[in-house]
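Visitor: Numbering (the UniProt record's numbering), first residue to last: 1 to 274. Before anything else, here's the structure in question.
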Amino acid sequence: MLAIGKYNRLEVKKLSAIGAYLESELGDILLPTKYVPEGLHHGEHLKVFVYLDSEDRLIATTLEPKAQVGDFALMEVKDVSPVGAFLEWGLEKDLLVPFSEQTRPMQKGENYLVRVYLDRSERIAASAKIGKFLEKSAAGLKEGQEVGLTFYEFGDLGAKVIINGRHDGLLFKTELFGRYRVGDTAQGYVKKIRSDGKIDVTLRKGGKQDLSGGRETLLRVLGERGGFLPVGDKSAPELIAEMFRMSKKNFKTVIGNLYREGVIEITKEGIRLR
């Protein structure tokens, strides 16, 4: 079946002065001359992206958009009109985000994370209401599993994330090590699957592996800073998270172990390699 808003592999039915006509079950689709590869012949199969032009006719292109239908992507607002915001997504026809699909009024020149979808008229559009496209269950996931995360919203509790492009998850503020923005991606782990299906994630492996990684990170940073760091058990959790990507609890455990092993000394001013 022809997939609108996605890549399709179609056969060249005929060549003309205005381009190549590609065969599909919905009728012939024009690939304009400027996108026809040199040496293309009748009967060949070609990978093209199929969408609707400004007159709602099916058309093909060899250009590569930033996202297909079903994808999440960060895109810049090219213009704002009475019908919504138009995003630059790599094609001649810009991608519309209707006002009803905006979480707040979009501004020209700003970047937003959106989901590309087909509306009821089979037109390709985008939505900034990310949550409604995400699965609310943890089907296919298990605790401790490594997953891909995309940040889509920040709040008082922490960061809402897209898990593996499908599931809705929460990264609590206490687990948020480093500085992230909407659209950023990271590797993480399923920390807890709650009885209501909600999913908590973490950026840490956990357990002994987590402490081992923290130990390596702390020693590496110490080495890069000349063997001394002005941090200790009274330092702010945010500072610890930014410097070492670990919780303050783990930081205290790591420096305690290193102190007992004679690797570092702990002073009022900070920690120092022996």
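No residue lacks a Cβ here, since even glycine has one placed at the ideal position from N, Cα and C. Quantities reported herein were computed from a predicted structural model and do not represent experimental measurements.
Once you ignore the five residues that flank R272 on each side, which residues in its own chain have a CB closer than 7 Å to its CB?
Guide: G227, F228, I264 and E265
Visitor: Excluding the 5 residues flanking L74 on each side, which residues of the same chain have their C-beta closer than 6 Å to its C-beta?
Guide: Excluding sequence positions up to five before and after L74, its CB lies within less than 6 Å of the CB of N111, L113 and G183, all in the same chain and listed in chain order.
Visitor: For the alpha helix (DSSP H) containing V254, list its first residue and its last residue.
Guide: K248 to R260
Visitor: To the nearest angstrom, report how far apart D196 and A139 are at their CA atoms.
Guide: 12 Å
Visitor: R204: which of E175, R181, R220 and R225 sits nearest, CA to CA?
Guide: E175
Visitor: Quick test of the definition: if touching needs 3 or more C-beta pairs under 8 Å, does the stretch 115-127 touch the stretch 167-174?
Guide: no
Visitor: Apart from the five residues just before and just after A3, which ones in its own chain have a Cβ nearer than 8 Å to its Cβ?
Guide: V50 and V69
Visitor: Can you grab the Cα-Cα spacing for the pair R215 / A128, in whole Å?
Guide: 40 Å
Visitor: Over what stretch of residues does the alpha helix (DSSP H) that includes M106 continue unbroken?
Guide: No alpha helix (DSSP H) holds M106; DSSP gives it neither H nor E.
Visitor: Pair every Cβ in the stretch 25-44 with every Cβ in the stretch 74-84, then say whether three or more of these pairs are closer than 8 Å.
Guide: no
Visitor: If you reduce the DSSP assignment to three classes, tell me which class G19 lands in.
Guide: strand
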